[in-house]
Amino acid sequence: MNSQFYDRLSNNLTQLLESGVNCDGSIEVGEEDVSLINIYKVHSIILQSRSSYFKKKFDEITFNENYIKVLKLPNISVKEFNIIIKYIYSGKFSLEKLENSFLFDFLIASNELELDELTEHLQSHLVNNNSSWLRLNFAQVYRTSYQVKNFKIIQDFCNNIIAKYPNTIFESENFHSLPEDALVSILKQDDLQLEESKIWEYVIEWGKAKNLMLPTDLDKWTSDNFLSLKEALKGCLPYVRFFSFSNEDVVEKIYPYQQLLGHQLFSDITIKFIAPTKPISSIVLPPRKILKTTLPTRITPIPLSSNIITNEHALEISSWIDRKEIPYIENNPYEFKLLVRGSRDGFDITTIYQICDKVSKTIIILKVKGTGEILGGYNPLEWENNNDRCKKTENSFTFSLKTANMKNSILSRVIVSSYAVYNYPSELDLSFSTNLYLIGNLKTEKRCYCGKNTVYLKPIRSSEFVSASWQPDEKSLFSVEEYEVFKISLRK
């Protein structure tokens, strides 16, 4: 029978650290230019036995005149290292009362110091206990997981989300800069919920982004152009399920890029297209396991009292408020508190000013009569019922939300801040310049419109419904079926 006395061993080593007796190492933590350097006296043999990073570093360093080896760690914070050094000596640490953002930075620091056991534990802790924070900060988490080594648990967590919601990454602003190994890991997934032909289009798009000198017109491509693209995609091509393409997609999407494929592979694709039962020599990857039912949006139900927008819409709006590169997919950080509803409180602009007087951070949502469009605007400033003036802000925006008849939402941010919001209650005018101009009774008077302007980035309606001047034509004017105004606040 083996007896174990780890607690006493842990306490004794902790006391050794605190005593500073027989220390032969000194670690300087923090940046010199901010005067936040802490110096830790350590026993190099203990650190070397616990971390290959410290073993390598202390082996490289020679003793100074005081027989001390000095190591500098400018990239690690004092708060992080306080926990790390105690863990190295005692094997203990507590995650209580630590913010999630700090835990993620602490994970990066632990990995940099090659504390493998701690790195794995922190990843598991974040995934199992703080997954909502990881999702809310998905872009940062996913990018970091491929910039550093040994983040497999975090990578698997992210890839699982991407498999179910591929547009999270494929439609993100940073898709073209995605590392090759990250894209390959996505392509390997059997349950990636996206048609193979669409995956192929994204892969081609990613490869072209690595070769910006390629001609825009495919008919003008030379053999060298195809060779350059093939080289960029060499890590991705083996994981595209070419034999899962429909016959039509083979003709329209594979055939134009046949030079990217080896002769045998393209020949076998053609054979399967013409004679499906004939044997071929190429490896046939299994088709992806596409779910027959549409996956629900990953959200934590929130009390959203709206007759116009869905939880998915609310998540998208919250992402715009926070300027997120990748939209939130669940756990909305904001509460949408209903202040005004036309069918309940009335459709006059006066009603909005009276109820929302001195209220900031509001979203107004409109359902356009006749077209079903959902238009809106965000005002971070207060509405004022007794003051007529333009309001200056760099954070307002207007939008048109995706509906059954509209594939993607349109976001238009303010670019001339001085004229961002029109607060004119005496004129029954509540507007975001002319990008979204609301006036009078929104239901009985057909006077609202969206016009071309230089204050906001772009129009939020299709060109046929956008007025070219301050005097809108009949086609650009609209009334609303319903409208709602929400106060936006952080959830507690």
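Just so you know, we're using the working numbering here: the sequence shown kicks off at 18 and counts up by one.
Every residue, glycine too, gets a C-beta built ideally from N, C-alpha and C.
- Between S434 and T410 a beta carbon distance of about 6 Å is seen, short of the 8 Å cut, so the two are scored as contacting.
- For W217, no pairing in a beta bridge is given by DSSP.
- Here DSSP, grouped into helix, strand and coil, assigns C175 to helix.
- Within its own chain, the residues whose Cβ lies closer than 7 Å to the Cβ of N458, once the five positions on either side in sequence are excluded, are F364, D365, listed in chain order.
- Between I286 and V268, the beta carbon gap of about 11 Å keeps them out of contact (Cβ cut-off 8 Å).
- In the displayed model, I366 falls within a helix according to three-state DSSP.
- Nearest C-alpha to P273 among K295, E248, T239: T239.
- Bounds of any beta strand (DSSP E) do not take in D241; it lies within the alpha helix (DSSP H) bounded by 240-249.
- For L120, the enclosing alpha helix (DSSP H) begins and ends at 117-129.
- With fewer than 16 other CB atoms across the displayed protein chains lying within 10 angstroms of its CB, P196 is exposed.
- Looking at the DSSP output, D446 sits in a beta bridge with Y441, I456.
- The alpha carbon of D173 has as its nearest neighbour, out of F187, V144, S298, the alpha carbon of V144.
- One alpha carbon belongs to V497, the other to N242, and they sit about 52 Å apart.
- Shown here, S426 sits in coil according to DSSP, grouped into three states, outside any helix or strand.
- Contact check for V301 and F260: beta-carbon distance about 5 Å, within the 8 Å limit, so the pair qualifies.
- Setting aside the 5 residues that flank it on each side, D374 is surrounded in the same chain by W400, E401, N402, each with a C-beta closer than 7 Å to its C-beta; the list follows chain order.
- Taking C-alpha positions only, D198 is separated from E188 by approximately 18 Å.
- In this structure, L88 lies away from I102, with their beta-carbon atoms at least 8 Å apart.
- With 16 or more other Cβ atoms from the protein chains shown falling within 10 Å of its own Cβ, T136 counts as buried.
- According to the DSSP secondary-structure assignment, R358 is paired through a beta bridge with E501.
- Here Y466 is not near P442, since their CB atoms are 8 Å or more apart.
- Residue range 55-59 is occupied by the beta strand (DSSP E) that includes I56.
- N29 carries a helical assignment under DSSP once its states are collapsed to helix, strand and coil.
- Per the Cβ contact rule, the region 320-335 is not in contact with the region 115-135 (fewer than 3 Cβ pairs under 8 Å).
- By the neighbour-count criterion, in which 16 or more other beta carbons inside 10 Å mark a residue as buried, F22 falls on the exposed side.
- Boundaries of the alpha helix (DSSP H) harbouring L204: 197-204, taken from the DSSP string.
- Secondary structure note for T136: its alpha helix (DSSP H) is the uninterrupted segment 133-146.
- Ranking K475, S43, G47, I100 by CA distance to the CA of T31 puts I100 first.
- The region 465-483 makes contact with the region 414-425: 3 or more CB pairs, one atom from each, lie closer than 8 Å.
- Scanning its chain for C-beta atoms nearer than 8 Å, with the 5 sequence neighbours on each side dropped, one finds around I288 the residues K295, I297, in chain order.
- Annotation for I54: E45, G47 place their beta carbon closer than 6 Å to its own, counting only its chain and skipping 5 residues before and after.
- For D207, the CB contacts under 8 Å within the same chain, skipping 5 residues up- and downstream, are P303, R305, K306 in chain order.
- E45 is bridged by DSSP to I56, K89.
- Burial of L64 is indicated by the presence of at least 16 other C-beta atoms within 10 angstroms of its C-beta.
- Annotation: A437 to G108 spans about 56 Å, alpha carbon to alpha carbon.
- Annotation for Q281: S298, S299 place their beta carbon closer than 7 Å to its own, counting only its chain and skipping 5 residues before and after.
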